[in-house]
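Just below is one structure, and these are the notes that go with it.
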DNA sequence: GATGAATGAGTATTCATTCAT
DNA sequence: TATGAATGAATACTCATTCAT
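Chains as they are written, first to last, in full-length UniProt numbering: chain C, 1 to 202; chain L, 1 to 202; chain P, 1 to 202; chain G, 1 to 202.
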């Protein structure tokens with residue numbers, strides 16, 4: 001989208017819609033959707049309101065687009081991991097680890113995700129939830145597959161396990177700091193390990 | 001006024017500050033702090049704005065008071081459980097189960113908690129976080145005690161385990177429904193079990 | 001007015017109405033009538049709103065009473081000076097000097113006077129202006145007497161001279177500071193001298 | 001909008017910011033800054049609140065701008081008079097007379113000036129006072145020049161003389177009425193004469 | 001594509017005053 | 001005498017959005 005620079009590319013900066021999304025993400029994460037004014041976003045992006053409304057139908061659209069990007073990314077990655085040819089426990093561990101790493105790498109999106117979904121319009125909220133549900137179902141099916149294959153405890157409710165684990169993931173935004181003592185991979189390794197131990201047959 | 005029970009007793013109209021807190025809790029959980037107007041709160045409580053500002057210094061104060069109630073309740077319960085004479089794994093399981101049950105019983109507070117903390121004034125946010133941290137530390141010390149006693153895996157980072165588990169707990173508000181298929185105790189049992197399995201020595 | 005202390009006078013502090021007037025004067029001078037809330041006044045006086053409304057019909061009444069005190073004081077003093085047996089120029093000089101000194105001694109009242117008169121109710125404003133006019137007329141008649149006696153220039157409009165001089169007096173509140181380089185008497189001496197030179201026959 | 005003259009020209013509707021300033025000046029003079037609501041100003045100017053806040057950051061800004069206009073005008077005029085080649089007493093008389101005339105011609109500004117300065121924000125107050133002081137200093141230097149040249153009494157404190165005279169000027173707003181018996185020039189003549197007599201060597 | 005002036009409905013908060021006790 | 005809970009109307013200011021240019 002708009003990666004081609006018109007003319008000689010004399011502006012040097014990214015295309016307007018990208019810049020708007022980037023600044024909106026940063027600001028929504030920093031002070032919340034409702035507390036960020038359209039004025040602040042356009043100022044940060046160095047454009048005017050008219051420009052924003054030229055590319056996005058509403059402030060709400062901007063947020064929706066942010067959600068879209070996150071969900072597309074996560075879905076792609078989970079699909080790729082689930083499709084591998086390795087044993088289920090290994091795939092679950094990798095999926096868990098991967099979602100932690102990407103959640104930390106896109107910490108602003110992670111913060112926005114579970115904090116601002118209620119500020120989307122009802123229809124957009126429904127759309128986002130549906131996509132999210134599909135993602136959770138794919139994750140759940142990994143657990144079910146592991147139960148069927150006798151790797152994981154059969155008495156667990158797979159959906160509860162998914163909610164249990166994604167609660168942890170979504171909360172990364174509330175405590176993780178890039179300049180803290182733990183790297184994304186260290187957290188990912190431990191979270192993945194905790195999940196695997198919690199579901200594995202003793 | 002009305003703190004004395006007129007006539008035959010439980011007349012339904014609680015004292016004004018209590019009514020305001022109750023309605024604010026409900027509304028904040030339903031549509032978020034920023035999207036709930038002071039006008040809506042006082043209308044729901046059947047009083048005027050002046051009455052609200054007679055008891056609370058600001059909308060922000062109302063939210064702070066809601067946090068205070070939750071934190072006091074949870075701290076008391078954890079203190080009581082941690083002080084028991086039973087083996088650590090049992091105490092950890094009970095603490096985990098208990099926090100799930102009370103989080104579900106006060107689901108509105110749970111929803112507000114992790115969603116609205118950023119809308120408190122910086123100082124109040126600091127106060128709430130400090131109290132929250134104390135709660136987490138008490139929980140963490142149970143894990144450390146279990147590690148020292150050889151019950152739990154020694155290679156785990158207790159603080160990460162706490163963040164892992166409380167992520168799950170705080171997210172109850174996003175998916176649990178009282179009219180769903182699971183009772184509070186069923187969820188509590190399974191979450192507690194998942195936690196214990198994730199930390200126990202194999 | 002409430003100068004009698006009920007009972008043994010065990011409170012030690014001044015009577016309530018006096019305390020209210022004193023604090024109101026201070027606050028009105030400091031931040032203006034409209035910017036001073038009734039709540040602030042009663043807090044400063046250490047009483048409750050009910051008490052204020054027991055003694056004064058309204059906030060506006062409080063202001064009116066402050067004006068009353070000033071006007072009574074100034075009128076009394078001018079009457080005394082005007083009634084003396086000395087030559088007119090001397091009496092005018094003394095009257096001018098005296099009003100400067102008392103304006104400085106009651107600088108808070110001076111500040112309030114010319115700044116807050118518009119915030120009185122129309123009727124009270126009318127009453128204050130009438131009393132003020134009587135004061136000015138008395139002052140003016142000193143000038144007229146001096147003109148008739150040949151001391152002062154006959155071509156001056158006595159009313160303009162009065163407005164000229166009292167402008168200077170009322171403005172003391174905007175620039176005079178007790179901890180500045182000039183004593184009240186020094187200012188009074190110079191202002192009186194300027195007035196006399198401005199009206200005297202060459 | 002409307003800075004270009006639509007159709008046949010002078011349609012009566014000035015540009016929005018100008019109209020807002022004009023109505024605000026009138027209303028602030030009539031009922032005081034605190035007693036004039038933003039709503040009243042925009043209604044008088046025939047625009048909406050949004051339009052006002054598009055041009056002015058706050059109600060306070062509006063007042064500041066009014067002060068700015070007055071101060072710029074007065075400073076320019078005094079500079080021009082002081083720079084003339086005539087004897088000091090003549091220049092002082094003209095400066096005094098001129099400030100009276102312009103104060104009367106802009107009587108609303110004069111009323112606002114000494115009544116509302118305390119309602120500006122502290123920083124803006126400071127800025128206005130600084131500019132005012134510069135104006136007073138220029139006026140004072142005329143007096144000093146006259147003393148040095150032997151025209152004026154050497155024992156007078158020039159700063160006190162300035163405060164004495166400008167008290168009179170600022171108070172014009174409290175008593176002068178356009179439909180009264182005196183023209184602006186008559187008052188100016190007499191005030192100027194009183195000032196000159198008060199400072200001149202006998 | 002992009003501007004920026006203007007809208008209009010909405011927000012939290014303040015405050016003088018009343019009145020049952 | 002005095003309290004303090006409650007009122008209700010008013011206040012300055014914000015903001016997403018529109019639209020003529």
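Even glycine gets a Cβ: it sits at the ideal position worked out from N, Cα and C.
Where residue i sits in the DSSP three-state scheme
{"i": "residue 200/C", "result": "strand"}
{"i": "residue 152/C", "result": "strand"}
{"i": "residue 75/G", "result": "helix"}
{"i": "residue 56/L", "result": "coil"}
{"i": "residue 67/C", "result": "helix"}
{"i": "residue 179/L", "result": "coil"}
{"i": "residue 21/L", "result": "helix"}
{"i": "residue 132/C", "result": "helix"}
{"i": "residue 121/P", "result": "coil"}
{"i": "residue 84/G", "result": "coil"}
{"i": "residue 141/G", "result": "helix"}
{"i": "residue 35/L", "result": "coil"}
Residue-level contact to chain C via CB, residue i, 9 Å cutoff
{"i": "residue 58/L", "result": "no"}
{"i": "residue 32/L", "result": "yes"}
{"i": "residue 50/L", "result": "no"}
{"i": "residue 168/L", "result": "yes"}
Rounded distance between the beta-carbons of residue j and residue i, thought under 8 Å
{"i": "residue 173/P", "j": "residue 111/P", "result": "4 Å"}
{"i": "residue 120/P", "j": "residue 60/P", "result": "6 Å"}
{"i": "residue 171/C", "j": "residue 170/L", "result": "6 Å"}
{"i": "residue 199/C", "j": "residue 152/C", "result": "4 Å"}
{"i": "residue 105/C", "j": "residue 188/C", "result": "Actually they are not in contact, since the Cβ atoms of residue 105/C and residue 188/C sit about 10 Å apart, beyond 8 Å."}
{"i": "residue 88/G", "j": "residue 145/G", "result": "5 Å"}
{"i": "residue 109/G", "j": "residue 66/G", "result": "7 Å"}
{"i": "residue 28/C", "j": "residue 103/C", "result": "Actually they are not in contact, since the Cβ atoms of residue 28/C and residue 103/C sit about 16 Å apart, beyond 8 Å."}
{"i": "residue 83/L", "j": "residue 95/L", "result": "Going by Cβ atoms, the distance from residue 83/L to residue 95/L rounds to 11 Å, so no, they are not a contact pair."}
{"i": "residue 118/L", "j": "residue 197/C", "result": "Contact flag wrong, Cβ pair sits at about 33 Å."}
N- and C-terminal bounds of the alpha helix (DSSP H) containing residue i
{"i": "residue 88/G", "result": "88 to 105"}
{"i": "residue 47/G", "result": "Taken as a continuous stretch (DSSP letters only), residue 47/G belongs to no alpha helix (DSSP H), as it is neither H nor E."}
{"i": "residue 15/G", "result": "Residue 15/G -> no alpha helix (DSSP H), and no H or E assigned at all."}
{"i": "residue 168/G", "result": "158 to 170"}
Nearest residue (CA-CA) to residue i, options the options
{"i": "residue 167/G", "options": "156/G, 136/G, 182/G", "result": "136/G"}
{"i": "residue 46/P", "options": "70/P, 68/P, 15/P", "result": "15/P"}
{"i": "residue 142/L", "options": "56/L, 113/L, 183/L, 92/L", "result": "92/L"}
{"i": "residue 163/G", "options": "194/P, 76/P, 152/P, 139/P", "result": "194/P"}
{"i": "residue 23/L", "options": "43/L, 149/L, 67/L", "result": "43/L"}
{"i": "residue 49/P", "options": "34/P, 20/P, 35/P", "result": "20/P"}
{"i": "residue 80/G", "options": "63/G, 98/G, 64/G, 68/G", "result": "98/G"}
{"i": "residue 32/P", "options": "63/P, 56/P, 53/P", "result": "63/P"}
{"i": "residue 160/L", "options": "140/L, 148/L, 192/L", "result": "140/L"}
{"i": "residue 71/L", "options": "54/L, 56/L, 131/L, 118/L", "result": "131/L"}
{"i": "residue 41/G", "options": "55/G, 25/G, 158/G", "result": "25/G"}
{"i": "residue 138/P", "options": "158/P, 124/P, 52/P, 38/P", "result": "158/P"}
CB contact below 9 Å: residue i versus chain P
{"i": "residue 161/G", "result": "yes"}
{"i": "residue 140/G", "result": "no"}
{"i": "residue 1/G", "result": "Note that residue 1/G scores 29 on pLDDT, short of 50, meaning its location in the model is unreliable; the coordinates nonetheless yield the value given after this. No, because no Cβ of chain P sits closer than 9 Å to the Cβ of residue 1/G."}
{"i": "residue 101/G", "result": "no"}
{"i": "residue 190/G", "result": "yes"}
Below-9 Å beta-carbon distance, residue i vs any chain L residue
{"i": "residue 119/C", "result": "yes"}
{"i": "residue 72/C", "result": "no"}
Below-9 Å beta-carbon distance, residue i vs any chain G residue
{"i": "residue 182/P", "result": "yes"}
{"i": "residue 17/P", "result": "no"}
{"i": "residue 198/P", "result": "yes"}
{"i": "residue 25/P", "result": "no"}
Closer than 8 Å: residue i CB and nearest the ligand PLP heavy atom
{"i": "residue 116/P", "result": "The ligand PLP is absent from the structure shown, which contains no ligands of any kind."}
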